[in-house]
Amino acid sequence: MKVLMVGGGGREHALCWKLKQSPLLTQLWCAPGNAGIAEVAECVAIGAEDVDGLVAFARDNAVDLVVVGPEAPLVLGLADKLKAAGIKVFGPSAAAAALEGSKGFMKDVVWKSGIPTAWYGRFTDIDAAKAFIREKGAPIVVKTDGLAAGKGVVVAMTLDEALKAVDDMMGDKVFGDAGSELVIEEFLDGEEISFFALCDGNTAIPLVGAQDHKRVGDGDTGPNTGGMGAYSPAPVLTPELQAEVMERCVLPAIRTMAEDGKPFTGVLFAGLMITKQGPKLLEYNVRFGDPECQVLMARLKSDLLPVLLAGAEGNLSGVTLEWRDDCALVVVMAAEGYPGSYKKNTVVRGLDDANVVEGVTVLHAGTARNSEGEVVATGGRVLGVTATGATVKEARERAYQAVDRIRWPEGFCRRDIAWRALACES
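Okay, so the sequence shown: first residue is 1 according to UniProt numbering, each after it adds one.
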């Protein structure tokens with residue numbers, strides 16, 4: 001099979017790395033890719049949001065399957081245009097991708113489906129939003145309705161913080177048009193987990209659980225990021241809880257979307273808070289998580305390619321996945337200053353030294369090669385140092401051993417990835 005991966009981050013490197021292992025694969029392209037992806041796939045200079053360019057490439061190269069990594073091209077309708085051109089695609093239609101493209105739409109679907117979630121309000125008027133916040137009190141959560149690269153969420157512990165978030169998002173438009181509408185919702189307390197299911201429009205099969213670390217600093221301090229590390233399995237996600245999540249938080253949404261004429265095909269990513277009352281849905285995303293995808297691919301024993309094809313063709317019923325018993329952990333190395341402004345094009349050295357640590361694969365998120373052929377940092381999140389081990393402790397030791405071999409003075413990482421899981425192991 002000839003496969004085109006769309007995207008150029010750590011998630012896409014993990015997917016390309018796994019697809020490359022498939023005996024069914026004859027050709028793998030990635031658009032636009034990065035310096036690490038170029039080692040396992042042929043990178044093509046087409047942006048992930050260049051919908052027409054991607055469709056033309058897939059058609060001209062007789063691509064058998066397109067796998068879409070990021071959410072933006074899905075919201076723009078890439079899957080619809082590929083299907084119209086007769087090309088198989090793993091990823092939802094624009095109508096179904098609104099589950100991530102519009103937080104308000106997502107909350108309405110969740111409410112309609114009877115899925116446990118936080119109470120919420122939708123606002124396009126700044127004064128009405130502030131009045132709602134004053135009525136409800138703090139802590140409270142303020143979100144942009146539209147896409148904001150994982151950063152359009154403020155968990156406000158005080159009223160002043162919440163009111164400032166409204167001014168920033170809706171008044172000053174710090175996230176552009178994404179903040180034209182806001183979703184303001186209840187603060188949920190508990191342990192957050194990431195849950196993924198592969199969907200073919202009618203059927204959904206669960207993947208193993210993972211836990212992400214959103215805040216930039218050790219001890220879960222500082223602003224939210226796109227994710228600073230992850231690990232799998234997540235001890236909090238017991239087999240009983242996984243069954244409950246599928247029954248209460250995933251399958252009802254799949255049924256509602258199908259009934260509404262917007263069947264969901266692709267990866268449904270449920271962000272959950274495990275509260276004292278049980279699991280409650282925080283949000284849906286319509287693609288693999290980043291950096292959760294890195295640890296999922298490290299643990300997946302099954303061939304990924306036929307599974308994604310089955311999802312694209314509506315044939316997931318009866319598909320089972322095999323997983324390694326090993327634990328997997330990823331430490332994200334980011335450019336100093338992230339998630340704020342950061343310096344680009346700094347040289348990253350020592351990657352070969354890091355890759356020889358047992359159980360370690362360094363996956364690239366925001367990299368390119370300069371004119372001298374050196375790897376340089378081009379994004380905020382730059383590397384995902386991914387390790388497996390018999391225990392979380394062993395995986396973590398290997399990951400940080402590899403991190404310490406990477407010579408990049410302008411980079412940093414959290415040093416406490418998997419602290420919750422380590423507490424469970426000890």
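No residue lacks a Cβ here, since even glycine has one placed at the ideal position from N, Cα and C.
Item, Value
"8 Å Cβ cutoff met for residue 196 and residue 90", "no"
"Residue of 313, 300 and 395 minimising C-alpha distance to residue 22", "300"
"Residue 103 versus 182, 400 and 384, residue with shortest Cα-Cα distance", "182"
"Inter-stretch contact at 8 Å, needing at least 3 Cβ pairs: the stretch 318-336 / the stretch 404-420", "yes"
"At least three beta-carbon pairs within less than 8 Å, the stretch 346-357 to the stretch 398-406", "yes"
"From 92, 248 and 225, residue whose alpha carbon lies closest to that of residue 340", "225"
"For residue 429: DSSP bridge partner residues", "Look at the range of the chain in this structure, 1 to 426, and you will see that residue 429 is not part of it."
"Alpha carbon of residue 392 to alpha carbon of residue 209, nearest angstrom", "14 Å"
"Chain-order list of residues whose beta-carbon lies under 6 Å from that of residue 235 (same chain, five-residue window excluded)", "421 and 424"
"Residue closest to residue 293, alpha-carbon to alpha-carbon, out of 109, 310 and 14", "14"
"Start and end residues, beta strand (DSSP E) containing residue 122", "120-123"
"Neighbour-count burial assignment, residue 322, 16 or more Cβ in a 10 Å radius", "exposed"
"Candidates 188, 39 and 394: closest to residue 277 by CA position", "188"
"Outcome for residue 345 when other beta-carbon atoms lying within 10 angstroms are tallied against a minimum of 16", "exposed"
"Beta carbon of residue 441 nearer than 8 Å to that of residue 291", "Outside the shown range of the chain (1 to 426) lies residue 441, about which nothing can therefore be said."
"As assigned by DSSP and simplified to three states, the class of residue 231", "strand"
"Closer than 8 Å to chain C by CB, residue 348", "Absent from the structure is chain C; it holds one protein chain and no more."
"Outcome for residue 384 when other beta-carbon atoms lying within 10 angstroms are tallied against a minimum of 16", "buried"
"Within the stretch 267-337, ranges of the alpha helix (DSSP H) (whole runs, at least 4 residues)", "292-299 and 304-313"
"Beta-carbon proximity of residue 50 to residue 88, cut-off 8 Å", "no"
"Counterpart residues of residue 194 in DSSP-defined beta bridges", "210 and 271"
"Sub-8 Å separation of residue 365 and residue 381 beta-carbons", "yes"
"Residues of its chain near residue 9, where Cβ-Cβ distance is below 8 Å and the 5 sequence neighbours each way are ignored", "34, 69, 70, 290, 365, 366, 379 and 381"
"Cβ-Cβ distance between residue 144 and residue 178 below 8 Å", "yes"
"Rounded separation between residue 85 and residue 328 - CA only", "38 Å"
"Contact belief for residue 246 with residue 96 at Cβ below 8 Å, rounded distance in angstroms", "Contact doesn't hold; Cβ gap of about 19 Å is too wide."
"Residue span of the beta strand (DSSP E) that contains residue 224, given as start and end", "221-224"
"Length-filtered (4 minimum) alpha helix (DSSP H) runs lying within the stretch 35-79", "51-60 and 72-75"
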